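Data first, discussion second: the structure below is written as structure tokens.
Number of protein chains: 2
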Amino acid sequence: MKQERDTVSKRNVIQAAIQLFNTKGYNGTSVRDIANKAGVNVSLISYYFNGKKGLAEFLMTTFLEGYVNELEKVHKLLEKKSAKACLVEALQAIMTYQHQNRQLARFVHREITFDSVLVREIMTTYLSKEKFYLSKIFEAGFSRKEFRPQSIDYIVMQLRGMLSMPFLQPQYILEVHHIKPNETYFIERYTKQLLQWVDLYICGDLKVVKQKPFVMNG
Amino acid sequence: MKQERDTVSKRNVIQAAIQLFNTKGYNGTSVRDIANKAGVNVSLISYYFNGKKGLAEFLMTTFLEGYVNELEKVHKLLEKKSAKACLVEALQAIMTYQHQNRQLARFVHREITFDSVLVREIMTTYLSKEKFYLSKIFEAGFSRKEFRPQSIDYIVMQLRGMLSMPFLQPQYILEVHHIKPNETYFIERYTKQLLQWVDLYICGDLKVVKQKPFVMNG
Numbered sequence: 017m018k019q020e021r022d023t024v025s026k027r028n029v030i031q032a033a034i035q036l037f038n039t040k041g042y043n044g045t046s047v048r049d050i051a052n053k054a055g056v057n058v059s060l061i062s063y064y065f066n067g068k069k070g071l072a073e074f075l076m077t078t079f080l081e082g083y084v085n086e087l088e089k090v091h092k093l094l095e096k097k098s099a100k101a102c103l104v105e106a107l108q109a110i111m112t113y114q115h116q117n118r119q120l121a122r123f124v125h126r127e128i129t130f131d132s133v134l135v136r137e138i139m140t141t142y143l144s145k146e147k148f149y150l151s152k153i154f155e156a157g158f159s160r161k162e163f164r165p166q167s168i169d170y171i172v173m174q175l176r177g178m179l180s181m182p183f184l185q186p187q188y189i190l191e192v193h194h195i196k197p198n199e200t201y202f203i204e205r206y207t208k209q210l211l212q213w214v215d216l217y218i219c220g221d222l223k224v225v226k227q228k229p230f231v232m233n234g
Numbered sequence: 017m018k019q020e021r022d023t024v025s026k027r028n029v030i031q032a033a034i035q036l037f038n039t040k041g042y043n044g045t046s047v048r049d050i051a052n053k054a055g056v057n058v059s060l061i062s063y064y065f066n067g068k069k070g071l072a073e074f075l076m077t078t079f080l081e082g083y084v085n086e087l088e089k090v091h092k093l094l095e096k097k098s099a100k101a102c103l104v105e106a107l108q109a110i111m112t113y114q115h116q117n118r119q120l121a122r123f124v125h126r127e128i129t130f131d132s133v134l135v136r137e138i139m140t141t142y143l144s145k146e147k148f149y150l151s152k153i154f155e156a157g158f159s160r161k162e163f164r165p166q167s168i169d170y171i172v173m174q175l176r177g178m179l180s181m182p183f184l185q186p187q188y189i190l191e192v193h194h195i196k197p198n199e200t201y202f203i204e205r206y207t208k209q210l211l212q213w214v215d216l217y218i219c220g221d222l223k224v225v226k227q228k229p230f231v232m233n234g
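Here the protein sequences line up with chains W and C, keeping their order. Counting from 17, one number per residue, gives the positions in the first sequence under this note's numbering. Counting from 17, one number per residue, gives the positions in the second sequence under this note's numbering.
Pasting the structure below:
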């Protein structure tokens, strides 16, 4: 009974924190704000997470562990699948994972835009792993002659920009494009475009364009 | 003499604000922090900018006016140049402009990741103009049969992700890829990759791949 109550209040703290960080920013949010919103005593946040910094670390670590885990799973498939099939699976897995954790994704992606020591270590650890797994897929694609040879660093950067955009800029998508960024439909459509990028930009495969004509504004 | 002193302290306030917003966040920075860092009396910030909110609005408006201005200039060239040439010029102009104002670019791009009413109006105004000018270039490309037909909304979103990435995530680029994001070399190399995206993804032109082989890690 006590344990159940603990789980509920812990979850309330997490949800309150993510929501506040996404509206007032990490630095603009106090532990008291989080406790008030979660409806718990402020001391519980120290007890569970060792304060605001610990809570932010917990959120980032949890998100990034799941994120890297998705890539690790796909990376293991390289032995039996084509590099292109693995890249496609990786992009689909990352987009689905982020969509399922979209509020958290927004917080984490935003945090790395700061010049802050708070997250530098966590970021470097996990994002180096992200680069590692993506590199393995690209290297396989180059050596198997499935992908056009190019710089892995620059392609990973370009890809990161495209993968994080829908979660970083949901308000822009809603206000300027009048598309609902939280709808599964949107994520599927955006992912489809990423897969066309794989065909055309990564593989340089023009057959795709000729076989499946695109629909304007579709 | 007085006017000159005014200009200097105004510039100091602007530089201090951008730097603080990029380390402690907008909400984590007080007017007093800015005044201290700029070495001016706190009342000057009210006098010049009508407070912190007015200062943030000034920064965003200044950045976005210049940004949209670059696109407007290129858009006018559509009468005498190909859509592809215009798109290439637009991407180069945006990257150069952002590079020249990279600290400010980081602040502005980050602000639109918040669920905040503070910037919604400014953002919608300017980013709708950005979409308008880019749409005109894409529409010309479709009707002149230079570009593969596709959804303008989705292509603008993808492009925005790629264009903002180097300015939003400089620390990631430095720590994970060991590339200095503030070097002109980096911006040129990143832009070159965007132009290959225009060739392959937007135009579907595979000749480029064959004519100019890519250099691994080059």
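In this text, a Cβ means the ideal position worked out from N, Cα and C, and glycines have one as well. Since this is a predicted model, take the numbers as computed values, not measurements.
By the rule that beta-carbons nearer than 8 Å mark a contact, residue 130 of chain C touches chain W.
Three or more Cβ pairs closer than 8 Å define a contact, and the segment 90-102 of chain C falls short of that threshold against the segment 199-209 of chain C.
The beta-carbon of residue 43 of chain W is placed less than 8 Å from the nearest beta-carbon of chain C. In this structure, residue 209 of chain C sits away from residue 35 of chain W, with a CB-CB distance that is not shorter than 8 Å. Proximity of residue 49 of chain W to chain C, defined by a Cβ-Cβ separation below 8 Å, is not satisfied.
The three-state reading of DSSP puts residue 56 of chain W in coil, since its state is none of H, G, I, E or B. DSSP, reduced to helix, strand and coil, places residue 219 of chain W outside both helices and strands of the structure shown, so it counts as coil. Residue 168 of chain W: member of the alpha helix (DSSP H) spanning 168-184, first to last residue. In the structure shown, residue 22 of chain C falls within a helical segment according to DSSP collapsed to helix, strand and coil. Taking a cut-off of 8 Å on C-beta distances, the segment 159-166 of chain W does not touch the segment 189-198 of chain C, as fewer than three cross pairs fall below it. Take the alpha-carbon of residue 111 of chain W and the one of residue 103 of chain W: they are about 12 Å apart. At least one beta carbon of chain C lies nearer than 8 Å to the beta carbon of residue 191 of chain W.
With the criterion set as a beta carbon lying under 7 Å from some beta carbon of chain C, the members of the segment 186-214 of chain W are 187, 188, 189, 191, 192, 193, 195, 205, 206, 209, 213, in sequence order. What residue 118 of chain C touches in chain W, judged by beta-carbon distance under 7 Å, is nothing: the nearest beta carbon there is about 12 Å away. Classified as buried, residue 180 of chain W has 16 or more neighbouring CB atoms from the shown chains inside 10 Å of its CB.
If the five residues before and after residue 152 of chain W are omitted, its C-beta is found closer than 7 Å to the C-beta atoms of 91, 94, all from its own chain and listed in chain order. Pairing residue 57 of chain C with residue 51 of chain C gives a Cβ-Cβ distance under 8 Å. When 8 Å is used as the limit between beta carbons, residue 176 of chain C is near these residues of chain W: 181, 185, 188, in chain order.
With fewer than 16 other Cβ atoms inside 10 Å of its own Cβ, residue 63 of chain W counts as exposed.
DSSP, read as helix, strand or coil, puts residue 163 of chain W in coil. By the CB criterion at 8 Å, residue 24 of chain C and residue 54 of chain C fall outside the cutoff. Under the DSSP assignment, residue 199 of chain C falls outside any alpha helix (DSSP H); it carries neither an H nor an E label. One finds 192, 193 in chain W with Cβ atoms closer than 8 Å to the Cβ of residue 147 of chain C, taken in chain order. Contact between the segment 69-80 of chain C and the segment 114-126 of chain C is present, with at least three C-beta pairs closer than 8 Å.
Collapsing the DSSP output to three states places residue 49 of chain C in a helix.
With contacts defined as CB atoms closer than 8 Å, residue 207 of chain W and residue 107 of chain W qualify as a contacting pair. Residue burial is scored here from C-beta neighbours: residue 67 of chain C has fewer than 16 other C-beta atoms within 10 angstroms and is therefore classed as exposed.
Look at residue 76 of chain W: its C-beta is not under 8 Å from any C-beta on chain C. With a threshold of 8 Å between beta carbons, residue 112 of chain W makes no contact with chain C. Within 10 angstroms of the beta-carbon of residue 212 of chain W lie 16 or more other beta-carbons, which makes it buried. The three-state secondary structure of residue 194 of chain C, taken from DSSP, is coil. The three-state reading of DSSP puts residue 63 of chain W in helix, counting H, G and I together. At the C-beta level, residue 147 of chain C and residue 172 of chain C come within 8 Å of one another. Taking the Cβ atoms as the reference, residue 217 of chain C lies roughly 15 Å from residue 170 of chain W, outside the contact range of under 8 Å. Taking the Cα of residue 22 of chain C as reference, the smallest distance to any Cα among C:149, C:97, C:60, C:139 is reached at C:60.
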